[in-house]
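Below: one structure, written as structure tokens.
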Amino acid sequence: MKKEHKEEMKARARNIGLLIAYDGGNYHGFQRQLPPVTAVQNVLEEKLALVFGDTIELAAAGRTDAGVHAYGQVVNFFTDGRIPADRILRAANSLLPPDIVVREAWEADREFSARHSAHSKIYLYRIWQNPLPDPFQRQYSWHIRQPLAVEAMQEAMEYLVGTHDFSSFRATGGAPMSPVRTMYEASCRRAGDQLEFRFFANGFLYHMVRNLVGTLVQVGLGRISPAGFREICEAHDRQRAAATAPAQGLYLYKVNY
Numbered sequence: 281m282k283k284e285h286k287e288e289m290k291a292r293a294r295n296i297g298l299l300i301a302y303d304g305g306n307y308h309g310f311q312r313q314l315p316p317v318t319a320v321q322n323v324l325e326e327k328l329a330l331v332f333g334d335t336i337e338l339a340a341a342g343r344t345d346a347g348v349h350a351y352g353q354v355v356n357f358f359t360d361g362r363i364p365a366d367r368i369l370r371a372a373n374s375l376l377p378p379d380i381v382v383r384e385a386w387e388a389d390r391e392f393s394a395r396h397s398a399h400s401k402i403y404l405y406r407i408w409q410n411p412l413p414d415p416f417q418r419q420y421s422w423h424i425r426q427p428l429a430v431e432a433m434q435e436a437m438e439y440l441v442g443t444h445d446f447s448s449f450r451a452t453g454g455a456p457m458s459p460v461r462t463m464y465e466a467s468c469r470r471a472g473d474q475l476e477f478r479f480f481a482n483g484f485l486y487h488m489v490r491n492l493v494g495t496l497v498q499v500g501l502g503r504i505s506p507a508g509f510r511e512i513c514e515a516h517d518r519q520r521a522a523a524t525a526p527a528q529g530l531y532l533y534k535v536n537y
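So the sequence shown is numbered by my numbering: it starts at 281 and just counts up by one.
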């Protein structure tokens with residue numbers, strides 16, 4: 281958004297914050313796209329404009345990719361619309377499709393930005409580990425037929441905790457920024473046939489979680505040792521890491537402010 285346009289938006293009376301959950305399977309990511317391509321932002325802005333009687337331009341905590349889901353996406357926007365905050369949920373959800381839900385709405389401080397005010401995020405990644413596919417898991421997890429060594433992956437993930445240069449897991453095409461991030465938690469747990477990875481950090485690079493999972497799966501398959509995983513991390517070279525994990529297993533779980 282151009283600076284003069286941003287100032288025009290911020291001159292409006294209210295700054296509204298929303299907590300959004302969505303199934304990303306039917307959308308080309310979160311960020312607004314040109315027709316005929318549809319993103320989550322396109323739908324939200326269209327329906328919220330009807331609720332507020334105003335043009336809406338959202339700022340979001342994260343620009344999730346096509347097929348990626350969210351439990352806790354956070355957005356904010358400026359508006360002159362007068363609908364009370366306690367009526368926003370019912371009004372918005374009555375217009376939105378069933379795969380996008382507004383979970384919370386509040387009057388935000390003037391300086392609050394869903395993107396710039398965030399100080400950490402939590403992402404989840406789910407794998408369905410079974411010789412047979414599950415039709416009810418296909419849009420919500422990565423199906424892997426072979427058994428994975430969870431203990432080896434957990435050992436490898438211990439190195440991720442702390443402040444590191446994550447260049448080995450940074451995809452091309454992202455915004456130019458420092459590759460150094462602080463990881464507070466990196467874990468993996470099994471619940472039946474499902475594995476769930478959890479990554480809690482002060483920020484993430486483009487495709488960072490999916491690239492981490494893609495490489496950790498190679499550890500789980502015995503193709504890379506935990507020590508080899510550490511060497512990949514320390515190489516700061518994307519070519520050393522494995523292929524990117526599929527989008528449908530990834531969830532933006534929570535944004536912390």
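Note that CB positions come from ideal geometry on N, CA and C, so glycine has one too.
Inset, instruction - Could you pull out every residue in the same chain whose Cβ sits closer than 6 angstroms to the Cβ of R233, ignoring the five residues on either side in sequence? - result: The structure shown has nothing for residue 233, since the chain only spans 281 to 537.
Legend entry - Reduced DSSP category for Q311 - H, G, I as helix; E, B as strand; rest coil: Reading the sequence shown from its first residue, position 31 is the one you call residue 311. DSSP places Q311 in coil when its eight states are reduced to three.
Legend entry - Supposed contact pair L532 and G342 - C-beta distance, whole angstroms, cut 8 angstroms: Working through the sequence shown from its first residue, we reach residue 342 at position 62. Working through the sequence shown from its first residue, we reach residue 532 at position 252. That pair is a contact at about 5 angstroms.
Legend entry - Run of the alpha helix (DSSP H) containing A507, from where it starts to where it stops: Sequence index remark: in the sequence shown, residue 507 carries index 227 (1-based). Segment P506 to A515, the alpha helix (DSSP H) holding A507.
Inset, instruction - Please say whether I336 and L330 have beta carbons closer to each other than 7 angstroms? - result: For the purposes of this step, residue 330 is taken as residue 50 along the sequence shown, with counting starting at 1. For the purposes of this step, residue 336 is taken as residue 56 along the sequence shown, with counting starting at 1. Result no, Cβ atoms of L330 and I336 do not sit closer than 7 angstroms.
Legend entry - Which residues DSSP lists as bridging L404, in chain order: Here residue 404 corresponds to residue number 124 of the sequence shown, with the count starting at 1. According to DSSP, L404 bridges with R478 and Y531.
Legend entry - Distance between beta carbons of F332 and K290, contact taken as under 8 angstroms: Along the sequence shown, one-based indexing puts residue 290 at 10. Along the sequence shown, one-based indexing puts residue 332 at 52. With 8 angstroms as the limit, K290 and F332 do not qualify as a contact, their Cβ atoms being about 16 angstroms apart.
Inset, instruction - Rounded to whole angstroms, what's the CA-CA distance from I363 to G347? Just pull it up for me. - result: Stepping through the sequence shown from its first residue, residue 363 is reached at position 83. Stepping through the sequence shown from its first residue, residue 347 is reached at position 67. Approximately 32 angstroms between the Cα atoms of the pair.
Inset, instruction - Keeping to the same chain, check which residues put their C-beta closer than 6 angstroms to that of R510; ignore five residues upstream and five downstream. - result: Position 230 of the sequence shown, counted from the first residue, corresponds to residue 510. The residues are Y439.
Inset, instruction - Evaluate Y307 with the Cβ neighbour count: other Cβ atoms within 10 Å of its Cβ, from every protein chain shown; 16 or more gives buried, anything less gives exposed. - result: As a working note, residue 307 is residue 27 in the sequence shown. Y307 should be labelled buried.
Legend entry - Proximity to A436 [Cα-Cα], best of L376, A466 and V489: For this step, residue 436 is matched to residue 156 along the sequence shown. Restricting attention to L376, A466 and V489, the CA atom closest to the CA of A436 is found in A466.
Inset, instruction - Below 8 angstroms CB to CB, which residues in the same chain sit around A340 once its five sequence neighbours on both sides are set aside? - result: Within the sequence shown, numbered from 1, the residue matching residue 340 stands at position 60. Here the set comprises F310, Q311, Q321, Q353, V354, V355, A394 and R395.
Inset, instruction - Give me whichever residues DSSP pairs with S538 in a beta bridge. - result: There is simply no residue 538 to check, as the chain begins at 281 and stops at 537 in what is shown.
Legend entry - Spatial distance of R490 from R450 (CA atoms): Position 210 of the sequence shown, counting from 1, holds the residue named residue 490. Position 170 of the sequence shown, counting from 1, holds the residue named residue 450. Per the coordinates, the alpha-carbon of R490 lies some 10 angstroms from the alpha-carbon of R450.
Inset, instruction - Return the CA-CA distance between D303 and D345, expressed in angstroms with no decimal places. - result: Walking along the sequence shown from the start, residue 303 turns up at place 23. Walking along the sequence shown from the start, residue 345 turns up at place 65. If you take the alpha carbons of D303 and D345, they lie about 12 angstroms apart.
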